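Add 318 to a position in the sequence shown, counting from 1, and you land on the number used in this note's numbering. Here a beta-carbon is modelled for each residue, glycine too, at the ideal position from N, C-alpha and C. Keep in mind it's a predicted model, so treat the numbers as computed, not measured. Have a look at the structure below, then the notes.
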Amino acid sequence: MPSTASPAPRPRRADAERSRAAVLDAATALLAERPDAGMRDIAAAAGVTRQTVYAHFASRDALVGAVTERVTGEAVAAMDEAGLEEGPAAEALTRLQDIGWRLFRRNPVVIQAGTDPVRGGSSETLHEPVDARLTRLVERGQRDGEFDPAPPAAWLVAVVTALGHAAGHEVAAGRMSADEGAAALRTATLRALGAPPPVPGDAPSPS
Numbered sequence: 319m320p321s322t323a324s325p326a327p328r329p330r331r332a333d334a335e336r337s338r339a340a341v342l343d344a345a346t347a348l349l350a351e352r353p354d355a356g357m358r359d360i361a362a363a364a365g366v367t368r369q370t371v372y373a374h375f376a377s378r379d380a381l382v383g384a385v386t387e388r389v390t391g392e393a394v395a396a397m398d399e400a401g402l403e404e405g406p407a408a409e410a411l412t413r414l415q416d417i418g419w420r421l422f423r424r425n426p427v428v429i430q431a432g433t434d435p436v437r438g439g440s441s442e443t444l445h446e447p448v449d450a451r452l453t454r455l456v457e458r459g460q461r462d463g464e465f466d467p468a469p470p471a472a473w474l475v476a477v478v479t480a481l482g483h484a485a486g487h488e489v490a491a492g493r494m495s496a497d498e499g500a501a502a503l504r505t506a507t508l509r510a511l512g513a514p515p516p517v518p519g520d521a522p523s524p525s
């Protein structure tokens, strides 16, 4: 009896893959400089027609989502290289947040997409890798006596995430500078976790 299974999808042509990559590269670079850039601007930066951009991404939101996914992947890779399992949990958490702020400064469109400088993604799928790392950090800090052991770790992660949203939106709205937002987030986070506040001048710059 002949098989009724659907044939495997044909691989995307190499030129189409290159074209999509060029669009995504151009969008990532251009949206970092001009978060309000439109599809026509992105097409021009990529050296393709607007129709070509739409052939790869059905809408601007879809393209921004792809940029956000790429940036999130880069952030997660940077977090894995930052030694979050090493040293005091509070210091590791500061390193994690500094990575988020560097991401924010280079890619403000991520904030406009409804994300924040701590979590970095606009969907639960994108949030998960960062949330997992943040949860491990909080649990380690609680075990080691650095953070308040009473609240569930999931609650503390939710609080830290909400603080990241608040700080990111204040900076995006122009009510705080990036440095002010980073410092406020760091202090508020440590207070929420029941850890001592940072000593002025000891915290690294998010630049």
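- Per DSSP, the continuous alpha helix (DSSP H) segment holding M357 begins and ends at 357-364.
- If you ignore the 5 residues before and after V477, its C-beta comes within less than 7 Å of the C-beta of A510, all in its own chain and listed in chain order.
- The Cβ atoms of A384 and F375 lie closer than 8 Å to each other.
- The three-state reading of DSSP puts P515 in coil, since its state is none of H, G, I, E or B.
- If you draw a 10 Å sphere on the C-beta of S495, you find fewer than 16 other C-beta atoms in it, and that means exposed.
- At the C-beta level, L508 and L452 stay beyond 8 Å of one another.
- Annotated three-state conformation of R493 is coil, per DSSP.
- Rounded to the nearest whole angstrom, the CA to CA distance from P514 to A373 is 52 Å.
- The closest CA to that of P406, considering only G463, D379, A340, is found on G463.
- Taken through DSSP and simplified to helix, strand or coil, G383 comes out as helix.
- In the three-state reduction of the DSSP assignment, A476 falls in the helix class.
- Note on D449: 16 or more other CB atoms within 10 angstroms of its CB, so buried under the neighbour-count rule.
- Judged by DSSP secondary structure, A339 falls within the alpha helix (DSSP H) whose first and last residues are 332-351.
- Per DSSP, the continuous alpha helix (DSSP H) segment holding T370 begins and ends at 368-374.
- Three or more Cβ pairs closer than 8 Å define a contact, and the segment 479-489 meets that threshold against the segment 500-507.
- Nearest to R458 by C-alpha distance, out of D416, H445, E409, R420, is E409.
- Comparing C-alpha distances from E404 to each of A472, R424, L342, R454 shows the shortest one belongs to R454.
- In the structure shown, A400 adopts coil according to DSSP, grouped into three states.
- A468 carries a coil assignment under DSSP once its states are collapsed to helix, strand and coil.
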